[in-house]
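Just below is one structure, and these are the notes that go with it.
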Amino acid sequence: MPKIKLPTKSPKIDMTPMVDTFCVILIFLLLTAQMRSPEPVSVEMPFSISETPIPDFNTMLFLISQDGKVFFNVDNGDDTTYKFRRKILEEMGTAYNIEFNKQELDLFEKYPSSIGLPIQDLKRFLSANAAERKTMETGIPLDSADNQLAMWILYARQVNPNVRATIQADTNTEFPAVQRVLNILQDRNVNRFNLVTSLEAVKINLDEIQQ
Amino acid sequence: MQVEKGGKKRAKKILPHMDMTPMVDLMMLLITFFMLTTSLSKSKVMEMILPEKLRDPNAEPPKIVASRTLNILLGPDNKIYWYTGGVSPDEYDNLPPVYETDYSDQGIRALLLERNRALFRKINDFEQQVLEGKIRIPRDSVQSAISQLKTDDDTGPIVLLKAYKKANYGNFVDILDEMNICGIARYTIMDIAWYEEQMVERAAGITSTTASAN
Numbered sequence: 061m062p063k064i065k066l067p068t069k070s071p072k073i074d075m076t077p078m079v080d081t082f083c084v085i086l087i088f089l090l091l092t093a094q095m096r097s098p099e100p101v102s103v104e105m106p107f108s109i110s111e112t113p114i115p116d117f118n119t120m121l122f123l124i125s126q127d128g129k130v131f132f133n134v135d136n137g138d139d140t141t142y143k144f145r146r147k148i149l150e151e152m153g154t155a156y157n158i159e160f161n162k163q164e165l166d167l168f169e170k171y172p173s174s175i176g177l178p179i180q181d182l183k184r185f186l187s188a189n190a191a192e193r194k195t196m197e198t199g200i201p202l203d204s205a206d207n208q209l210a211m212w213i214l215y216a217r218q219v220n221p222n223v224r225a226t227i228q229a230d231t232n233t234e235f236p237a238v239q240r241v242l243n244i245l246q247d248r249n250v251n252r253f254n255l256v257t258s259l260e261a262v263k264i265n266l267d268e269i270q271q
Numbered sequence: 031m032q033v034e035k036g037g038k039k040r041a042k043k044i045l046p047h048m049d050m051t052p053m054v055d056l057m058m059l060l061i062t063f064f065m066l067t068t069s070l071s072k073s074k075v076m077e078m079i080l081p082e083k084l085r086d087p088n089a090e091p092p093k094i095v096a097s098r099t100l101n102i103l104l105g106p107d108n109k110i111y112w113y114t115g116g117v118s119p120d121e122y123d124n125l126p127p128v129y130e131t132d133y134s135d136q137g138i139r140a141l142l143l144e145r146n147r148a149l150f151r152k153i154n155d156f157e158q159q160v161l162e163g164k165i166r167i168p169r170d171s172v173q174s175a176i177s178q179l180k181t182d183d184d185t186g187p188i189v190l191l192k193a194y195k196k197a198n199y200g201n202f203v204d205i206l207d208e209m210n211i212c213g214i215a216r217y218t219i220m221d222i223a224w225y226e227e228q229m230v231e232r233a234a235g236i237t238s239t240t241a242s243a244n
């Protein structure tokens, strides 16, 4: 018996519902998520059970890379409307006898991530392109001879007294590198810190410890 | 009516059919892009309060009961060494032994929970009763009630955390986290003393690198 041959039809799927779904997902993502500002070094965060979200403003962030370089950031959030970053840089400039012009202050104000280099190089850094910037980031000097981190902390707190210290370090950073930063902060009477972590759920079974 | 029939000629209506496939492609691309560039879950922060530094060199650090003291030394290679009590100056030549443990559930957590059992029970019972509605309390004051329980506690250990120089930051956060998990009421972070460095080095089998052994 010969097979009945159906006329071959190219299958045509209506893509409209799919487009609708994607539209919804896209809009959802756009509204809920904020851009991850590119950090100069990637940091693998330790886990904790803490559920407090990281504050959006009034923070100064100390980013400590795995090899102990220290980067500093004053949060962009609401601070930018008060132009805190600009003021801090102006103060730093006066302290180190470096004149920053308006364009450089603008650049620094909008700079999206942490900076980690001696203040003397900052002028050159701001005018450099991305590839050059990468090579210039050697960490903020914090030895006792030239403790620039302490100066950043001083002016950040002077300009915005409500600023809170936030520390973000890599899991494998050696502790003394973190302790150096903690000590500098404690010398300036900052005793409260926020440590940035990722959430990890922990459950303790009470029966286990009953014996 | 008849007149209208001979009027304008209507174009035949075709249902417009657009090919949506390129649009879907584009959307996929955008979604993937946003998924990768955005962080959906914000990172969390853990609050840490360090004791104020003693400015006056003559000021004495506060005295604590030796029997309740638990010293936790964060060692190299994700190891924890601990001992109880203190080391008095005449023990310097013959340092007390340290016990080795790790960051697992059976390691440090079991140790802390065992020592902190009374308080942990109390906190746990309290939370349970709040959940079951036996205690009616505004949500905001749950935390302050728990911290009140912690303040009133006088049986739990007083934990002194000291990091050896080879410990890493992850260890440090882990141990602080354990303090929160086990509901330890009193803990503080201290600088490691030279004899404790020696104790860690001896236990871990590292040849001493500190010259300040006196």
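Chains as they are written, first to last, in the numbering used here: chain A, 61 to 271; chain B, 31 to 244.
C-beta atoms are modelled at their ideal positions from N, C-alpha and C, and glycine is treated no differently.
Does the distance from the CB of residue i to the CB of residue j come in under 8 angstroms?
{"i": "Glu111 of chain A", "j": "Lys192 of chain B", "result": "no"}
{"i": "Asn146 of chain B", "j": "Gly186 of chain B", "result": "yes"}
{"i": "Val54 of chain B", "j": "Met211 of chain A", "result": "no"}
{"i": "Met58 of chain B", "j": "Leu206 of chain B", "result": "no"}
{"i": "Ile211 of chain B", "j": "Ile109 of chain A", "result": "yes"}
{"i": "Leu104 of chain B", "j": "Val128 of chain B", "result": "no"}
{"i": "Phe122 of chain A", "j": "Ile227 of chain A", "result": "yes"}
{"i": "Tyr111 of chain B", "j": "Met229 of chain B", "result": "yes"}
{"i": "Ile213 of chain A", "j": "Arg240 of chain A", "result": "no"}
{"i": "Asn251 of chain A", "j": "Leu80 of chain B", "result": "yes"}
{"i": "Val238 of chain A", "j": "Ile114 of chain A", "result": "no"}
{"i": "Leu141 of chain B", "j": "Ala215 of chain B", "result": "no"}
{"i": "Leu177 of chain A", "j": "Glu197 of chain A", "result": "yes"}
Answer with buried or exposed for residue i, where buried requires no fewer than 16 other C-beta atoms within 10 angstroms of its C-beta.
{"i": "Asn161 of chain A", "result": "exposed"}
{"i": "Ser174 of chain A", "result": "buried"}
{"i": "Gly199 of chain A", "result": "buried"}
{"i": "Pro77 of chain A", "result": "exposed"}
{"i": "Ser125 of chain A", "result": "buried"}
{"i": "Met65 of chain B", "result": "exposed"}
{"i": "Gln208 of chain A", "result": "buried"}
{"i": "Asp135 of chain A", "result": "buried"}
{"i": "Ala229 of chain A", "result": "buried"}
{"i": "Arg145 of chain A", "result": "buried"}
{"i": "Val130 of chain A", "result": "buried"}
Quick check: what's the CA-CA separation for residue i versus residue j?
{"i": "Lys180 of chain B", "j": "Trp224 of chain B", "result": "32 angstroms"}
{"i": "Arg85 of chain B", "j": "Lys147 of chain A", "result": "31 angstroms"}
{"i": "Ile94 of chain B", "j": "Asn198 of chain B", "result": "28 angstroms"}
{"i": "Lys183 of chain A", "j": "Leu91 of chain A", "result": "36 angstroms"}
{"i": "Lys170 of chain A", "j": "Lys83 of chain B", "result": "36 angstroms"}
{"i": "Val167 of chain A", "j": "Thr233 of chain A", "result": "One point to set straight first is that residue 167 of chain A is Leu, not Val, in the sequence displayed. Answer to the nearest angstrom: the Cα atoms are 31 angstroms apart."}
{"i": "Asn101 of chain B", "j": "Thr131 of chain B", "result": "13 angstroms"}
{"i": "Ile165 of chain B", "j": "Gln173 of chain B", "result": "14 angstroms"}
If you run the structure through DSSP and keep just helix, strand and coil, what is residue i?
{"i": "Phe88 of chain A", "result": "helix"}
{"i": "Val219 of chain A", "result": "helix"}
{"i": "Tyr142 of chain A", "result": "helix"}
{"i": "Lys83 of chain B", "result": "coil"}
{"i": "Thr81 of chain A", "result": "helix"}
{"i": "Ile222 of chain B", "result": "coil"}
{"i": "Thr68 of chain A", "result": "coil"}
{"i": "Leu202 of chain A", "result": "coil"}
{"i": "Met76 of chain B", "result": "strand"}
{"i": "Tyr194 of chain B", "result": "coil"}
{"i": "Val230 of chain B", "result": "helix"}
{"i": "Thr76 of chain A", "result": "helix"}
Proximal residues, the stretch 164-180 of chain B versus chain A, C-beta separation under 9 angstroms: Per Cβ criterion, the list is empty.
Interfacial residues, the stretch 188-214 of chain B to chain A, with Cβ spacing under 9 angstroms: Taking 9 angstroms as the Cβ-Cβ cut-off against chain A, the residues of the stretch 188-214 of chain B that qualify are Ala193, Tyr194, Lys195, Lys196, Ala197, Asn198, Tyr199, Gly200, Asn201, Phe202, Val203, Asp204, Leu206, Asp207, Asn210, Ile211, Cys212.
Residues, ordered as in the chain, of the stretch 223-236 of chain A that lie near chain B by beta-carbon distance below 7 angstroms: Going along the stretch 223-236 of chain A in chain order, one finds Thr226, Ala229, Asp230, Thr231, Asn232, Thr233, Glu234, Phe235, Pro236 with a Cβ nearer than 7 angstroms to chain B.
Chain B contacts made by the stretch 82-111 of chain A, where a contact means CB separation under 8 angstroms: Here the close residues are Phe82, Cys83, Ile85, Leu86, Leu89, Leu90, Thr92, Ala93, Gln94, Met95, Arg96, Met105, Pro106, Phe107, Ser108, Ile109, Ser110, Glu111.
Residues, ordered as in the chain, of the stretch 112-130 of chain A that lie near chain B by beta-carbon distance below 7 angstroms: So the close ones are Thr112, Pro113, Ile114.
Chain A contacts from the stretch 220-232 of chain B (Cβ-Cβ distance under 9 angstroms): So the close ones are Asp221.
Residues within the stretch 92-104 of chain B neighbouring chain A, beta-carbon criterion of under 9 angstroms: Listed in sequence order: Leu104.
Short-range partners of chain B found in the stretch 243-258 of chain A, where Cβ spacing is below 8 angstroms: With the criterion set as a beta carbon lying under 8 angstroms from some beta carbon of chain B, the members of the stretch 243-258 of chain A are Gln246, Asp247, Asn249, Asn251, Arg252, Phe253, Asn254, Leu255, Val256, Thr257, Ser258, in sequence order.
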